[in-house]
Every structure is written in structure tokens, then in C-alpha cells.
Amino acid sequence: MEDNKVKIAVDIFGGDNAPDVCIQGVFQALSEDSDIIIYAVGNETVVNEMAKADKRIIPVAANEVIGMAEHPVEAIRKKKDATIPVAARLIKDGTVDGFFSAGSTGAMLSAGTLIAGRIRGVKRPAIGALLPGYDHPVLMMDVGANADCKPEMLLQFAQIGTAYMKSVCGVAEPKVGLLNIGEEDEKGNAFSIDTNKLLRKKLDNFYGNCEGRDLMLDEFDVVVCDGFTGNVALKTIEGTGKLMFKFLKDAFMSGPTTKISAALMSSQLKELKKKTDSEEQGGSPLLGTKGVFVIGHGSSGAKGIKNGILETAKTVRCDLSKAIEDAIK
Numbered sequence: 001m002e003d004n005k006v007k008i009a010v011d012i013f014g015g016d017n018a019p020d021v022c023i024q025g026v027f028q029a030l031s032e033d034s035d036i037i038i039y040a041v042g043n044e045t046v047v048n049e050m051a052k053a054d055k056r057i058i059p060v061a062a063n064e065v066i067g068m069a070e071h072p073v074e075a076i077r078k079k080k081d082a083t084i085p086v087a088a089r090l091i092k093d094g095t096v097d098g099f100f101s102a103g104s105t106g107a108m109l110s111a112g113t114l115i116a117g118r119i120r121g122v123k124r125p126a127i128g129a130l131l132p133g134y135d136h137p138v139l140m141m142d143v144g145a146n147a148d149c150k151p152e153m154l155l156q157f158a159q160i161g162t163a164y165m166k167s168v169c170g171v172a173e174p175k176v177g178l179l180n181i182g183e184e185d186e187k188g189n190a191f192s193i194d195t196n197k198l199l200r201k202k203l204d205n206f207y208g209n210c211e212g213r214d215l216m217l218d219e220f221d222v223v224v225c226d227g228f229t230g231n232v233a234l235k236t237i238e239g240t241g242k243l244m245f246k247f248l249k250d251a252f253m254s255g256p257t258t259k260i261s262a263a264l265m266s267s268q269l270k271e272l273k274k275k276t277d278s279e280e281q282g283g284s285p286l287l288g289t290k291g292v293f294v295i296g297h298g299s300s301g302a303k304g305i306k307n308g309i310l311e312t313a314k315t316v317r318c319d320l321s322k323a324i325e326d327a328i329k
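The sequence shown begins at 1 in the UniProt record's numbering and counts up one residue at a time.
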């Protein structure tokens, strides 16, 4: 196996539809990217069978799974043979470059922080979400790792997010915004006002407050917020998207003429769905830990697993950890 191969650990038992969709996603990813090696982490019998089918699959036995309802930190400490801590140790010892799981978000955060460790200088790792924009995606962070934040943490999120957009998305000069209830600097609660002042003072690429309505309208490349606000915003966006597609479906299926219109617009509708489909992105990066951690949706299908693996490999190739370390010095 060549040294230039990207080595990715995949949690075969992470997610609501595991292991079947994870197995399918692994083979689909291998068919699209010939330069990755998959370390399949899961039940010994299952991963051994996968390895027999493709020499680019390395089986790693892990016979426990951390459930979505379990306390993440306690589970990481007690279930040392579970898929997520086993894979995180592969990151820590340098066996793999990245790790993808559609399992417990809390367990991924805990494993990334407690096992793999933080990049030097990072106060708190954060979860980023790439949202579709009209012309380009926007990275919102944090979306769930840190419910309570200090202004200094959001400054780091802005620096880390800037590094991500430059390295992974190829944005030369990312524009940073602060999610807030108004455009004016003095708007918001005390936390928002203090954060705005700090970002104005410390960041050359801070372009001011971002109202929720402007989040996806291409005015910013990175939008920072605390994890509580970010998670609510993200879930609201996801729910609104589902509702709009239901409205569209009802409208197009309401009569013979509209059904013909739907048929004539089928390619445009497919493209619209692709732009807003979370399975296309594959997962959200956990930013600030050593190695690359990407967290997939718990409800991911095979396509989502495949794209999550490919996104993990892409991020590894961008040497993001080095870019983040340089950004927060």
C-alpha cells in the first residue's frame, strides 16, 4: 500500500441504518476514490467479511457501540472497545488520517477531544456545518458542541472557520459574520455585543453581524455563533427545507397541468434537491481536534456515508490541522 494513500477509519455500526448502509457506502467510496484505504471499525465478523471483498479494506475489531442516548463522556470511558473510541485511538497513534462516523455526535466530540486531543492552542473544538448558498456554501459554527461560549471562543471559531474555507473550499478571502438579531454593532445581548467588539478588534476579515435571513444569501463565507444558537438555526433550516419540498410536491401533484409542468422541470427539480440534500455533503467537520473527524447524519443512507468518507479524505488532503494551527497562533 503506497504511502500517498489516505487512510480513513469508518464506523461501520454508526447511525440509524447501520451496518448495511455503512457497508454499501464504503464500497461506493472505494469505487470513486482509488487512493483511499478504509479501516472498517466494527463487529469482527462483519469487518473481516468486508476485507475479503477488497484489499483496500483493513478490518478493525470493535465489538461495542455507543448509543445515541448514552452519556458521551461516560460511554467513552466505560466502552473502550466501542467503535468510536477504537477509531479515535487510530487517529491518536497515527494509524489513520481521518475518521468518519454517523454515530453519536456527543461521543465523536468526546473522543476527538479526550482521545485524539486538541490542536495546539485550540480552546474548544467546534462542529461546523456547510450550508448551501445561492452561489457558494457558507460555514456556520458552532452548531452543537459548545452550548455556552465566551467571546474568545467565537474569535477562535472565526479563525478556524477561515482556515477551513481557505484550505478545503478554496475561498481566497473568507468573509466572517456574527449571527445576531440585527446588522448594527450595538444590537444583541451583552454576549453578542462583546463578541462583535472583539471580532472587530482582532479580525481583518470580520464584516459585521449576520441576521438569520442573510445566513445563506452569500454575504458571508463563515458565520460564527454559540453551539446552542447554531444548532437551533441549523435544525430550523433543515425543517424549513423539508416543508418547502412538501409544498412543492403538493403544488405539482395538484392537477394534470401541474403534473406535466413537473415532468418538464424534472431536471431542474433534481438539481434543486441535490443542492439542499444533506446526503450530498455527507457530514459536518469537528474542527479543532488532531486528525480529521467528520460526523454524518444519524439517518444517513449509503450515499450519505459515501460522501462523508469522500469529504473526510478531501479534508485530509488539504492538511487542515496545519492550517488551523497557523491561524490561531
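Glycine included, each C-beta is placed from N, C-alpha and C at the ideal position.
Buried versus exposed, by CB contacts within 10 Å (16 or more), residue i
i: Lys175; result: buried
i: Lys52; result: exposed
i: Leu154; result: buried
i: Met165; result: buried
i: Phe247; result: exposed
i: Glu279; result: buried
i: Leu179; result: buried
i: Glu311; result: buried
i: Ser34; result: exposed
i: Leu287; result: buried
i: Leu243; result: exposed
i: Asn146; result: buried
i: Gln156; result: buried
i: Met1; result: Unreliable positioning characterises Met1 in this predicted model, as indicated by a pLDDT of 40, which lies under 50. A coordinate reading is not provided.
i: Ile181; result: exposed
i: Ser267; result: exposed
i: Asp11; result: buried
From the options, residue whose alpha carbon lies closest to that of residue i
i: Leu215; options: Arg120, Asn4 and Met141; result: Met141
i: Gly128; options: Asp326, Thr289, Glu173 and Glu186; result: Thr289
i: Asp135; options: Lys259, Ala158, Lys275 and Ser321; result: Lys275
i: Asp148; options: Thr95, Ala126 and Cys169; result: Ala126
i: Leu114; options: Met68, Arg77 and Ser104; result: Arg77
i: Gly212; options: Glu44, Asn231, Asp194 and Asn48; result: Asn231
i: Thr45; options: Leu217, Pro19, Ile66 and Ala29; result: Pro19
i: Lys5; options: Lys270, Ala190, Arg56 and Phe191; result: Arg56
i: Glu183; options: Val171, Gly208, Leu203 and Leu30; result: Gly208
i: Glu173; options: Glu152, Ile193, Asn196 and Leu203; result: Leu203
Three-state secondary structure assigned by DSSP to residue i
i: Phe13; result: coil
i: Pro125; result: coil
i: Asn307; result: helix
i: Val47; result: helix
i: Met141; result: strand
i: Gly7; result: Correcting the residue type first, residue 7 is Lys in the shown sequence and not Gly. If DSSP states are grouped into helix, strand and coil, Lys7 belongs with the strands.
i: Ile115; result: helix
i: Tyr39; result: strand
i: Gly98; result: strand
i: Ser104; result: coil
i: Ala327; result: helix
i: Ile57; result: strand
Nearest-angstrom beta carbon gap, residue j and residue i [assumed within contact, 8 Å]
i: Gly283; j: Phe100; result: 6 Å
i: Thr162; j: Ala327; result: 6 Å
i: Gly25; j: Lys306; result: 4 Å
i: Leu139; j: Asp221; result: 7 Å
i: Gly296; j: Gly106; result: The pair is not a contact, with the Cβ atoms about 14 Å apart (cut-off 8 Å).
i: Ala62; j: Ala88; result: Incorrect: roughly 11 Å between the Cβ atoms, too far for contact.
i: Cys225; j: Glu219; result: About 15 Å separates the two Cβ atoms, so there is no contact after all.
i: Val292; j: Asp97; result: 6 Å
i: Val21; j: Ser261; result: About 34 Å separates the two Cβ atoms, so there is no contact after all.
Proximity test, Cβ basis, 8 Å: residue i and chain D
i: His136; result: The structure shown contains no chain D; it is built from a single protein chain.
Sequence ranges, beta strand (DSSP E) only - wholly within the stretch 193-238, length at least 3: 206-211 and 222-224
Unbroken stretches of the alpha helix (DSSP H), 4 residues or longer, contained in the stretch 151-192: As far as the stretch 151-192 is concerned, its whole alpha helix (DSSP H) runs of at least 4 residues are 151-167.
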